[in-house]
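Undergrad:
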Amino acid sequence: MVDATELNRLFWHSRRGMLELDVLLVPFVKEVYPTLDEDDRARYRKLLACEDQDMFGWFMQRGEPDDADLRRMVRMILARVQPQ
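Here this note's numbering is used: the sequence shown runs in plain steps of one and ends on residue 386.
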């Protein structure tokens, strides 16, 4: 279970000030993060430590992270918003 303080902190860290990132990260942290296992939670926190420009490129599918953990998280977030 996710502590409310942790969730609130992650919510604010997920607000990047770049609309393209905010519309992906904020709903993800609100709706999905609490259901993740601890490994995926750690991956999400690791993603938040990345530069906005790197994340922008990954989420616009102009490339993928070299790191397998980050790649997994980017794909998970994109899968939520892409039609199947």
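We put the CB at the ideal spot given by N, CA and C, even for glycine.
1) Do the segment 373 to 385 and the segment 323 to 334 make contact, defined as three or more Cβ pairs closer than 8 Å?
2) Would Leu312 and Tyr346 be called neighbours here (beta carbons separated by less than 9 Å)?
3) If you reduce the DSSP assignment to three classes, tell me which class Val331 lands in.
4) Can you give me the Cβ contacts of Arg317 inside the same chain, cut-off strictly under 7 Å, excluding the 5 residues immediately before and after it?
5) Beta-carbon within less than 8 Å of Pro336's beta-carbon, same chain only, minus the 5 sequence neighbours each way: which residues are those?
6) My assumption, with CB atoms under 8 Å, is that Leu349 sits in contact with Leu372. Please give the rounded CB distance.
TA: Quick answer:
1) These segments touch.
2) yes
3) helix
4) Asp324, Val328
5) Met303, Val304, Leu309
6) 6 Å
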